[in-house]
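Colleague: Please find one structure pasted underneath; my questions will follow.
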Amino acid sequence: QHQFLDDYTAHFPMTPVYIGEYHRVHANQTEDLDLILSLAKANPLFLGISFFEYQVAYWKTGSEMDFGMFGLGDAVLASMPYFGKNFSIYCLTPQDSETSGTSIPDAVAVVYGGAAIDVSDLCVVNPLSVTLDQAGYLEVLSQKRTSQMSLFVERVINHMGATVYAHGYKHMNDLAQSLVDGSVNSGNGYSMADLASYLGSKPEWVDFDSRAKCVANRDVAPNVIGSAIGWTCSQNKSFSCDEIPAPCQNNTYRTADFVFSQYFGELGSDNPLVDCSFSGAAIYASSKLYNRWSGSARCVSDTDPVTSAPTTHIRSTTASFLQPSTSKGSGEVTSATLRSAVGQQMPVLLMLTLPVIVS
């Protein structure tokens, strides 16, 4: 207040101010942040702060490494292609704040009214990035966590051109719990094939879309998509990649939508988990999904052999072993109420960079 706001208010009584980088290193973060946010509530010109910073800046070295909320752990969760090179994506580890008696992320969360993070998820394999095969399934299963398995199961469902009904999430979570508990067993061990076979039997809580198409996975980098396009064009026999429609030529993802859907459709396959993969570059997406992507619906092929629920041929299995357990409760999933916020218009906004505040 006395270091800055008193003089600022006197000289700029009509100009709001915002501190874009704030972090008083080695202070009790809970107390310090609570204090500065209380100043923002009391002073109409002071709009607040942005806490500095998210990750430890290892490249800066020295005292500049004291600001990050998260450091990098040892586990590599994924790789990221960037200008011709692949970079490892490491898991995050919260940085401790001794004076606060907790980690920096938890201190920030408390002051802003949020919940502490679940650190048990940070350095485990992400079920949204593992391969959709037995190896990926076992990686998720080894975590023995229903929440992680539920994410994996829903991802498999989405890659089969389907979505979960609102009332179906309880059934899906029951299925995930059964897989984690080991109560699902066909005698030869539960597997990805068991899961795919059960889902292919069209349980009533899964909505299979007859208009699902093999399209580019928007979660995958464009250069990966490009490589898959090249491979597909070199393998196909019934259409020419020189004849891609004009609306699909100026975007890597839309080009892939055309090529992947053509190739998959002419394969005559009913196994999208295997034949609509292209090393992870593709997804057999429901129309609800690909209609969200600009231009995608114009580029997908009209040729599609899958008119019923897709199946898998990884190995023969008995789908009944994967029936989720029956428990009481409606299982209804309701959408959270969306609230709109109307902000007051300000004539000018001045943002300051103040990474350190000293007393």
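The working numbering puts the first residue of the sequence shown at -4, with every later residue one more than the last. Beta carbons: idealized from backbone N, C-alpha and C, even for Gly.
Look at the alpha carbon of A331 and the alpha carbon of A104, and state the distance between them as a whole number of angstroms.
Modeller: Here residue 331 is taken as the residue at index 336 of the sequence shown, counted from 1. Here residue 104 is taken as the residue at index 109 of the sequence shown, counted from 1. Note on A331: pLDDT 30, under 50, position unreliable in the model; the coordinate value appears next. When rounded, the distance between both Cα atoms is 21 Å.
Colleague: Here's the rule: buried if 16 or more other CB atoms are within 10 angstroms of the residue's CB, otherwise exposed. What is V114?
Modeller: Here residue 114 corresponds to residue number 119 of the sequence shown, with the count starting at 1. V114 comes out exposed.
Colleague: Would you check if there are 3 or more beta carbon pairs closer than 8 Å linking the segment 41 to 60 to the segment 122 to 138?
Modeller: no
Colleague: Tell me the DSSP bridge mates of D202?
Modeller: Numbered from its first residue, the sequence shown carries residue 202 at position 207. DSSP output for D202 lists T158 as bridge partner(s).
Colleague: Determine the burial state of E93: buried for a count of at least 16 other Cβ atoms within 10 Å of its Cβ, exposed for fewer.
Modeller: Position 98 of the sequence shown, counted from the first residue, corresponds to residue 93. Looking at its Cβ environment, which holds fewer than 16 other Cβ atoms inside 10 Å, E93 is exposed.
Colleague: Which whole-angstrom value describes the C-beta separation of V215 and G275, a residue pair presumed to lie in contact below a C-beta threshold of 8 Å?
Modeller: Numbered from 1 along the sequence shown, position 220 holds the residue referred to as residue 215. Numbered from 1 along the sequence shown, position 280 holds the residue referred to as residue 275. That belief holds up - the Cβ atoms of V215 and G275 are roughly 6 Å apart, short of 8 Å.
Colleague: Could you tell me whether the segment 187 to 196 touches the segment 229 to 245, using the rule of 3 or more Cβ pairs below 8 Å?
Modeller: no
Colleague: How long is the line joining the alpha carbons of T10 and L117, rounded to whole angstroms?
Modeller: Along the sequence shown, one-based indexing puts residue 10 at 15. Along the sequence shown, one-based indexing puts residue 117 at 122. Inter-residue distance for T10 and L117 is about 41 Å (C-alpha atoms, whole angstroms).
Colleague: So which of T247, I84, F147, L194 has the shortest CA-CA distance to N266?
Modeller: Here residue 266 refers to the residue found at position 271 of the sequence shown. Residue L194 holds the alpha-carbon nearest to the alpha-carbon of N266 among T247, I84, F147, L194.
Colleague: Between the alpha carbons of T250 and E199, how many angstroms are there, rounded?
Modeller: Taking the sequence shown and counting its residues from 1, the one referred to as residue 250 is at position 255. Taking the sequence shown and counting its residues from 1, the one referred to as residue 199 is at position 204. Going by the C-alpha atoms only, they are around 34 Å apart.
Colleague: Can you tell which of F82, L133, M75, T88 has its C-alpha closest to the C-alpha of Y49?
Modeller: Residue numbering aside, residue 49 sits at position 54 when the sequence shown is read from its first letter. Per the Cα distances, T88.
Colleague: Mind checking whether V175 and K139 have CB atoms under 8 Å apart?
Modeller: Residue mapping note: residue 175 aligns to position 180 of the sequence shown, counting from 1. Residue mapping note: residue 139 aligns to position 144 of the sequence shown, counting from 1. Contact flag set, yes.
Colleague: Assuming I220 and Y248 are in contact, meaning their beta carbons sit under 8 Å apart, how far apart are those beta carbons, in whole angstroms?
Modeller: Counting from one through the sequence shown, the residue named residue 220 turns up at place 225. Counting from one through the sequence shown, the residue named residue 248 turns up at place 253. The C-beta distance from I220 to Y248 rounds to 6 Å, short enough to meet the 8 Å contact threshold.
Colleague: Figure out for me which residue from L133, L146, K80, T141 has the closest Cα to the Cα of Q172.
Modeller: Numbered from 1 along the sequence shown, position 177 holds the residue referred to as residue 172. When only C-alpha atoms are compared, the closest one is T141.
Colleague: Opposite M75 in the DSSP bridges: which residues?
Modeller: Here residue 75 corresponds to residue number 80 of the sequence shown, with the count starting at 1. Answer is F82.
Colleague: Grab the span of the alpha helix (DSSP H) containing K165 for me, first residue to last.
Modeller: Position 170 of the sequence shown holds residue 165. Annotation: the continuous alpha helix (DSSP H) that includes K165 extends over 164 to 176.
Colleague: Using only alpha-carbon positions, find the residue among A110, G156, V135, N38 that is nearest to D1.
Modeller: Sequence index remark: in the sequence shown, residue 1 carries index 6 (1-based). Nearest of A110, G156, V135, N38 to D1, Cα basis: N38.
Colleague: Could you give the C-beta distance for P122 and Q143, rounded to a whole number, given that I count them as a contact under 8 Å?
Modeller: By 1-based counting over the sequence shown, the position of residue 122 is 127. By 1-based counting over the sequence shown, the position of residue 143 is 148. Confirmed, Cβ separation roughly 5 Å.
Colleague: Rank W226, F46, R150, K232 by C-alpha distance to the C-alpha of F65 and give the top, closest one.
Modeller: Here residue 65 corresponds to residue number 70 of the sequence shown, with the count starting at 1. Looking at the Cα atoms, F46 is the closest of the given residues.
Colleague: Is it right to say G177 is buried, meaning 16 or more other beta carbons lie within 10 angstroms of its own, or is it exposed?
Modeller: Position 182 of the sequence shown, counting from 1, holds the residue named residue 177. Exposed: under 16 other Cβ atoms inside 10 Å.
Colleague: On the three-state DSSP scale, how would you describe A52?
Modeller: As a working note, residue 52 is residue 57 in the sequence shown. In this structure, A52 counts as coil in the three-state DSSP scheme.
Colleague: Rounding to the nearest angstrom, what Cα-Cα distance links Y77 and W226 in this structure?
Modeller: Residue 77 sits at position 82 when you count from the first residue of the sequence shown. Residue 226 sits at position 231 when you count from the first residue of the sequence shown. Each residue's Cα considered, the two are about 21 Å apart.
Colleague: Just mark H(-3) as buried or exposed, buried being the case when its beta carbon has 16 or more other beta carbons within 10 Å.
Modeller: Counting from 1 along the sequence shown, the entry for residue -3 is found at position 2. So H(-3) ends up on the exposed side.
Colleague: Which residue marks the beginning of the alpha helix (DSSP H) containing A5, and which one marks its end?
Modeller: In the sequence shown, residue 5 corresponds to position 10, counting from 1. Element bounds for A5: 0 to 6.
Colleague: For Q244, does the count of other Cβ atoms within 10 angstroms reach 16, so buried, or fall short, so exposed?
Modeller: Position 249 of the sequence shown holds residue 244. Its Cβ having fewer than 16 others within 10 Å, Q244 is exposed.
Colleague: Is D116 helix, strand or coil by DSSP?
Modeller: In the sequence shown, counting from the first residue as 1, residue 116 sits at position 121. Reduced to three states, the DSSP call for D116 is helix.
Colleague: If you drop the 5 nearest sequence neighbours on each side, which residues of the same chain put their C-beta closer than 6 Å to that of A111?
Modeller: Mapped onto the sequence shown, residue 111 falls at position 116. D101, A104, listed in sequence order.
Colleague: Around the C-beta of N212, are 16 or more other C-beta atoms found within 10 angstroms, so that it is buried, or is it exposed?
Modeller: Here the question's residue 212 lines up with position 217 in the sequence shown. Within 10 angstroms of the beta-carbon of N212 lie 16 or more other beta-carbons, which makes it buried.
Colleague: Using 7 Å as the cut-off, classify the Cβ of E238 as near or not near the heavy atoms of the ligand NAD, replying yes or no.
Modeller: Looking at this structure, you won't find the ligand NAD or any other ligand, since it has none at all.
Colleague: Between the C-alpha atoms of L42 and L32, what's the straight-line distance to the nearest angstrom?
Modeller: Taking the sequence shown and counting its residues from 1, the one referred to as residue 42 is at position 47. Taking the sequence shown and counting its residues from 1, the one referred to as residue 32 is at position 37. Cα-Cα distance, rounded: 9 Å.
Colleague: What residue range does the beta strand (DSSP E) around A130 cover?
Modeller: Here residue 130 corresponds to residue number 135 of the sequence shown, with the count starting at 1. No beta strand (DSSP E) holds A130; the alpha helix (DSSP H) holding it covers 129 to 136.
Colleague: Rounded to whole angstroms, what is the Cα-Cα separation between F7 and F(-1)?
Modeller: Numbered from 1 along the sequence shown, position 12 holds the residue referred to as residue 7. Numbered from 1 along the sequence shown, position 4 holds the residue referred to as residue -1. Taking the straight line joining both Cα atoms gives about 12 Å.
Colleague: In or out: V12 buried (at least 16 other Cβ within 10 Å) or exposed?
Modeller: What you label residue 12 is simply residue 17 of the sequence shown in a count that begins at 1. The residue is buried, with at least 16 neighbouring Cβ atoms inside 10 Å.
Colleague: With burial defined as no fewer than 16 other Cβ atoms inside 10 Å of the residue's Cβ, what is the status of Q24: buried or exposed?
Modeller: As a working note, residue 24 is residue 29 in the sequence shown. Buried.
Colleague: Between N153 and the rest of its own chain, which residues show a CB-CB distance below 8 Å, the 5 nearest in sequence each way excluded?
Modeller: Here residue 153 corresponds to residue number 158 of the sequence shown, with the count starting at 1. Closer than 8 Å at Cβ, skipping near neighbours: I278, A280, S281, L284.
Colleague: Name the residue from F62, C209, L34, Y164 whose alpha carbon lies nearest to the alpha carbon of E16.
Modeller: Position 21 of the sequence shown holds residue 16. Checked all of F62, C209, L34, Y164; the closest Cα to E16 is F62.
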